[in-house]
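Remember, our numbering sits 652 above the position in the sequence shown when you count from 1.
All C-beta atoms, glycine included, are put in the ideal place defined by N, C-alpha and C.
Bear in mind that the values here come from a model prediction, so they are computed numbers and not experimental data.
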Amino acid sequence: MQDVDISQINGRVLRIFLAVFDNVSVSKAAHQLDISQSTVSHSIEKLRVILGDSLFIQAGRGIIPSAHAELMAPKVRGLLADMEALVDMGDYNPHTDTEPFSIAANGSTLAHEVSRIRDAIWEQVPDKTVIFRELGSRTNVETVLDNASTNIAITVRPANYPLSLNHTALSSSKMVVFYDASVSEPVHTVSDYCNARHAALDFGGSGKSELALSLEDRGLKRRISCMVPNVWLLAEMVRGSDMIATLPSQLGQSAFSGLQSCPIPLSQADLHFDLVWHRRYDNSARLKWLRGVICDAIKSSE
């Protein structure tokens, strides 16, 4: 194993490395960090010498990360997050915080709630940059929080959370069946429901939805005819067709506006959404503030 003098690697150098990695550009990284391009280049060169790897490779008129840099990036994110957590335990003033808030969620499913969260943050800090990242499958939540690519996540409650994560209940919603009344009738029986053509979400995860698991427990199964990655496209699949979609009722205020809904013709538990964060941030004054704003925004809409 190569001897590496890690005493020469500091947080500033690692932050510059991440900026170049994320932007795949020295000039964009310099602009993001508000420093000169020569400072960025010097820091990357210093890291190259220390680690014995090129880190970034010229590709045409741009650069691409090396295999070593790809392996480093998530570890560096976690390391910087841990370093920040060491000092983020006192008073917090959101008006002097220049870093954006990053929130992972399935924005299409939670469109109404996401808008309220944005407005609640801007009500207190009007110039704050808020970044909403698409979570995708709920199995992604540990990864996005562990590598510190996002501050906090909103997800459908799983059966169990990894030990590295903490959470609090955020909201719940009844599941309903959406359909286009100009084409089809509401479903009244379990037989009608199972025999109907279903359109469903596919976030790319390997796990089954709560609805699928619930149906399996009863020895039932849906006939899925179409799968799409977000609710806006799902609504378009239902419009003008005889397909139905089973989703949280609040989507009638956003993507499924104009479509009709009816109850699911079988007993089905409410869908629960949680606010989730990494345990390294349990005592973070910054994250405590953000969690409070998000919880208050959602509860005030109920």
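Backbone CA spacing between residue i and residue j [nearest angstrom]
i, j, result
"E775", "T748", "15 Å"
"M653", "H720", "Residue confidence for M653 is low, a pLDDT of 43 falling below 50, so the modelled location carries little weight; the figure read from the coordinates is stated next. Approximately 15 Å, taken between the alpha carbons."
"K951", "S823", "8 Å"
"F784", "S906", "17 Å"
"T691", "I715", "17 Å"
"R932", "P752", "19 Å"
"G871", "L942", "43 Å"
"T761", "A864", "18 Å"
"I946", "G856", "27 Å"
"E722", "I696", "15 Å"
"Q902", "E868", "25 Å"
"S706", "M724", "13 Å"
"N799", "G704", "24 Å"
"K860", "L815", "21 Å"
"Q689", "K940", "35 Å"
"S651", "R713", "The chain is shown only over 653 to 954; residue 651 falls outside these bounds and no answer can be derived."
Residue from the options whose Cα sits closest to the Cα of residue i
i, options, result
"S936", "V880, Y744 and R870", "Y744"
"V796", "T841, V839, P917 and P726", "P726"
"N675", "E868, P717, K826 and L703", "P717"
"T750", "P838, T781, N818 and D926", "T781"
"I668", "A949, S679 and I658", "S679"
"F708", "L670, S767, H850 and W884", "L670"
"P810", "T802, S789 and L939", "S789"
"F925", "M827, E868, A852 and A848", "M827"
"G944", "A821, S693 and E868", "A821"
"H694", "L867, V672 and Q684", "V672"
"P915", "A864, S825, A949 and D934", "S825"
"D844", "N799, A756, M895 and G712", "M895"
"D779", "P746, I658 and R713", "P746"
"H764", "G904, L685 and I658", "G904"
"R938", "T791, E837, S754 and Q689", "S754"
"H955", "Q689, A733 and E837", "The structure shown does not extend to residue 955, since the chain is modelled only from 653 to 954, so the question has no answer here."
Neighbourhood of residue i by C-beta distance below 7 Å, restricted to the same chain and skipping five residues each side
i, result
"D832", "V890, R891, G892, S893 and L911"
"D854", "M879, V880 and P881"
"A681", "I668, A671, V672, N675 and V692"
"A711", "none"
"V766", "A757, G759 and F784"
Residues bridged to residue i [DSSP beta-bridge criterion]
i, result
"M889", "DSSP lists no partner for M889."
"H850", "I876 and I896"
"H819", "V928"
"T807", "D926"
"I716", "I709"
"V782", "F753"
"Y831", "Q912"
"S825", "L923"
Chain-order list of residues whose beta-carbon lies under 8 Å from that of residue i (same chain, five-residue window excluded)
i, result
"V928", "V793, L797, I804, A805, I806, T807, Y813, L817, N818 and H819"
"I661", "L699 and I702"
"L731", "L666"
"N847", "R875"
"S866", "Q920 and A921"
"F908", "F830, V883, A887, V890, A897 and L899"
"D934", "N818"
Contact under 8 Å by Cβ, residue i with residue j
i, j, result
"A897", "L886", "yes"
"P917", "V835", "no"
"H850", "R874", "yes"
"S913", "V829", "yes"
"R729", "S801", "yes"
"L899", "E862", "no"
Other residues of its chain near residue i: CB distance less than 6 Å, five sequence neighbours each side excluded
i, result
"G663", "M735"
"A852", "I876 and M879"
"N758", "L787"
"A949", "R768, I769 and A772"
"L685", "A671"
"P838", "C914"
Beta carbon proximity, residue i to chain D, threshold 8 Å
i, result
"Q660", "The structure shown contains no chain D, having only a single protein chain."
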